[in-house]
Amino acid sequence: MPGQRPQVRVDVIAKWKELSAPLANRVVGRITGDIIRSETRDAESDLANLVADAQLAATSADDRGGAQIALMNPGGVRADLTYASSSGGEGPGEITYAEAFAVQPFAGSLVSLDLTGAQIEQILKEQFNDSGTRAPTLMLGVSKGLTYSFSRSAPVGDRIDPASVKLNGEVLKPDATYRVTANTFLAAGGDGFTTFAKGTDLVGGGDDIDALTDYLTTNSPVAPPGTDRVTELP
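Numbering (UniProt numbering), first residue to last: 1 to 234.
Here's what the structure looks like:
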């Protein structure tokens, strides 16, 4: 009867929640402290950097994409990883699959592609946008080894210092080609990062959630990666 349908839905949801509990509550790794996103998305964050590190680790092998760099859009990082226990019953510092999935709940895939040093610099410039069509600043998570400096006081198109954009301490060469990993949303030019769509030699990777959980498992205990990859200048 119509009056019974809401209760039927509740019962079905409860049943599936019960059945999925073993997977959801499975511990996939440990952390040494809170790993936090930037809620305003306009600053470098530990968690976006961690996700980028995980994606680089998942795609750096030659047969997995050969990536040298990974970049992560801040809007795709949806929850923090906290040291305190959750309702899953795990111990302090333990991260469950459900907690990791809450960070990246979109079931996205990874893709590695060729970009020139000049294109990577342009993507970093696209973090700043005064068109009014999106947030003025969207700071990408950057994988370990990629560093750069920027100034919010400079004109929008000139906020990145080209000489500061380095990979493992070496300035990116404008005409050189680098392998970069991102999720498919970002790689297609999402959130106004249109230069990504100019990438070539695309190689599909695995799921973003698998990259994150594998990284947590392999590197436990994982410490917050820090927010010293991006330097803000006056």
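From the three backbone atoms N, C-alpha and C, an ideal C-beta is built for every residue, glycine too.
Every value quoted in this text rests on a predicted model; they were computed, and no experiment measured them.
**Prompt:** What does DSSP give as the partner residues of E126 in its beta bridges?
**Reply:** Locating residue 126 in the sequence shown gives position 126, counting from the first residue. BP columns for E126 are empty, so no partner.
**Item:** Three-state secondary structure assigned by DSSP to F106
**Value:** Taking the first residue of the sequence shown as position 1, residue 106 is located at position 106. Here DSSP, grouped into helix, strand and coil, assigns F106 to coil.
**Message:** I want to check one thing, is the minimum distance from the CB of F150 to the heavy atoms of the ligand MG below 8 angstroms?
**Reply:** For the structure depicted, the ligand MG is absent and the ligand set is empty, with no information on it obtainable.
**Message:** Considering just the uninterrupted stretch of the alpha helix (DSSP H) at D53, what are its terminal residues?
**Reply:** Within the sequence shown, the letter at position 53 stands for residue 53. First-last of the alpha helix (DSSP H) with D53: D46 to T59.
**Asked** Do you know offhand how far M139's Cα is from S45's?
**Response** Position 139 of the sequence shown holds residue 139. Position 45 of the sequence shown holds residue 45. Rounded to the nearest angstrom, the two C-alpha atoms are 8 angstroms apart.
**Request:** Counting only the same chain and skipping the five closest in sequence on each side, list residues whose C-beta sits under 7 angstroms from that of L23.
**Result:** By one-based count along the sequence shown, residue 23 stands at place 23. Taken in chain order, the residues that qualify are Y97.
**Message:** Going by beta-carbon coordinates alone, are R229 and Y178 separated by less than 9 angstroms?
**Reply:** Indexing the sequence shown from 1 puts residue 229 at position 229. Indexing the sequence shown from 1 puts residue 178 at position 178. No, the pair does not count as a contact, with Cβ atoms beyond the cut-off.
**Item:** For N183, the nearest candidate out of P105, P162, D130 and S164 (CA to CA)
**Value:** Here residue 183 is taken as the residue at index 183 of the sequence shown, counted from 1. Looking at the Cα atoms, P105 is the closest of the given residues.
**Item:** Three-state secondary structure assigned by DSSP to A70
**Value:** For the purposes of this step, residue 70 is taken as the residue at position 70 of the sequence shown. Three-state result, A70: strand.
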